[in-house]
Amino acid sequence: MRKFLLAVVAFAALALPAQAQEKAQDKVKVLASFSILGDLVREVGGERVDVSTLVGPNTDMHGFQPTPANAKAVAGAKLVVINGLGLEGWADRLVKAANYKGARLVATKGVKALTAETEGHGHNHKHAHSDRYDPHAWQEVANVKVYVANIRDALTGVDPDGKETYAENATAYLQKLDALEAEIKELFAGLSEKQRRAITSHDAFHYFGDAYGIDFLAAQGAGGETQPSARDVARLIQQIKKEGVKAIFIENISNPRVIEQIAKETGAKIGGTLYSDALSEANGPAPTYLAMMRHNAKTIAAALR
Ligand SMILES: [Zn+2]
Numbered sequence: 045m046r047k048f049l050l051a052v053v054a055f056a057a058l059a060l061p062a063q064a065q066e067k068a069q070d071k072v073k074v075l076a077s078f079s080i081l082g083d084l085v086r087e088v089g090g091e092r093v094d095v096s097t098l099v100g101p102n103t104d105m106h107g108f109q110p111t112p113a114n115a116k117a118v119a120g121a122k123l124v125v126i127n128g129l130g131l132e133g134w135a136d137r138l139v140k141a142a143n144y145k146g147a148r149l150v151a152t153k154g155v156k157a158l159t160a161e162t163e164g165h166g167h168n169h170k171h172a173h174s175d176r177y178d179p180h181a182w183q184e185v186a187n188v189k190v191y192v193a194n195i196r197d198a199l200t201g202v203d204p205d206g207k208e209t210y211a212e213n214a215t216a217y218l219q220k221l222d223a224l225e226a227e228i229k230e231l232f233a234g235l236s237e238k239q240r241r242a243i244t245s246h247d248a249f250h251y252f253g254d255a256y257g258i259d260f261l262a263a264q265g266a267g268g269e270t271q272p273s274a275r276d277v278a279r280l281i282q283q284i285k286k287e288g289v290k291a292i293f294i295e296n297i298s299n300p301r302v303i304e305q306i307a308k309e310t311g312a313k314i315g316g317t318l319y320s321d322a323l324s325e326a327n328g329p330a331p332t333y334l335a336m337m338r339h340n341a342k343t344i345a346a347a348l349r
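Printed below as a string of structure tokens:
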């Protein structure tokens, strides 16, 4: 039986066109920490890269614990891309466990980071003097333009022959990001100050809010690791009632229970599902970064009106 299987495998390998085999081997293996980064690397790398991700679609990034299989994936990569700003606290340990000596990119390098809010629901983000940053920088399109330039340069570093391809792909994608940015700003134009407030389950939308003028409150902090306390939820419910906030949202990566409770107790209507820290599956509404941002912006804008 074993011999038969081996024969089948050998035959299958022979059946593949020689060119295709060669191509798969030649591609630059890139490992990205999560689905949104993986999509950006695919956009810039195109046909030259073979991208895999540690944390896939619809999966919460914050509780991720690397496995030995993940270390193996790291060891086989030519470039490892992480978000940074504290999102992947396990990255150094994983790279060490894999004995990885290849190239690494922190995609947020050069992004103007917001600090994570540890308590209160105000909007006085300090831009310095804190050791905890809000990692969700991809929720602002302008930041992702920085990610894309960083990815282009890192790919060129590990694969200099692809320099022109990466430059062309990045330029084309940056134009799409410009169009996306204009579209999002247009969606939120004309809203009153009072309409510009929304509730999500975890604190992932401050970059989005800062960029497009929406005030986001959340039941749970930017780390997303712990369940919100009953006291936090009660305080948020009071605030929603007092300020008449109407737009509240479920997230693809979070348990909807708290948001459903808040909706029930305040009479606020759930405005839909937002994609915060992960893309949807390929057949969902947010399989790419561009689709995710469009979906989120349209869903939020519709609920605020
Ligand atoms: Zn998050």
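Just so we're aligned, residue 45 is where the sequence shown starts under the working numbering, counting upward by one.
Glycine included, each C-beta is placed from N, C-alpha and C at the ideal position.
Please read all numbers here as calculations on a predicted model, not as lab measurements.
Annotation for S245: the continuous beta strand (DSSP E) segment containing it runs 241 to 246. Taking a cut-off of 8 Å on C-beta distances, the region 194 to 212 does not touch the region 252 to 268, as fewer than three cross pairs fall below it. N299 counts as exposed, since fewer than 16 other beta carbons sit within 10 angstroms of its beta carbon. The straight-line gap separating the alpha-carbon atoms of E230 and A345 is approximately 10 Å. Our two residues, A113 and V202, have alpha carbons roughly 24 Å apart in a direct line.
Here E325 carries a coil assignment [DSSP, helix/strand/coil]. Taking 7 Å as the cut-off, one finds no heavy atom of ligand 1 near enough to the beta carbon of S79. DSSP places Y177 within a strand segment (E or B) once states are collapsed to three.
Between G107 and K73, the C-beta gap is not smaller than 8 Å, which leaves the two residues out of contact. Around L218, the same chain offers K189, V192 as residues with beta carbons nearer than 7 Å, after the five sequence neighbours per side are excluded. When distances are taken from the beta-carbon of D321 to the heavy atoms of ligand 1, the shortest one is below 7 Å. In this structure, A312 places its C-beta atom within 8 Å of the C-beta atom of V289.
Distances taken from the Cβ of M105 to the heavy atoms of ligand 1 include one shorter than 7 Å.
If you draw a 10 Å sphere on the C-beta of G265, you find 16 or more other C-beta atoms in it, and that means buried. With respect to the C-alpha of I297, the residue from K207, L318, A186, V85 having the closest C-alpha is L318. Two segments are said to touch when three or more pairs of C-beta atoms, one from each, lie closer than 8 Å; by this definition the region 140 to 148 does not touch the region 89 to 96. Taking all protein chains shown into account, A233 has fewer than 16 neighbouring C-beta atoms within 10 Å of its C-beta and is therefore exposed. A direct Cα-Cα distance of roughly 8 Å separates A262 from L280. In this structure, T343 is the residue among E304, T343, T159 with its C-alpha nearest to the C-alpha of I228.
A straight line joining the alpha-carbon of A291 with that of Q282 spans about 15 Å.
The beta-bridge partner set that DSSP reports for L75 consists of S96, V124. Between N127 and T152, the alpha-carbon positions lie close to 6 Å from each other.
Not a single heavy atom of ligand 1 lies less than 7 Å from the C-beta of A214.
For F108, no alpha helix (DSSP H) encloses it, and the DSSP letter there is neither H nor E.
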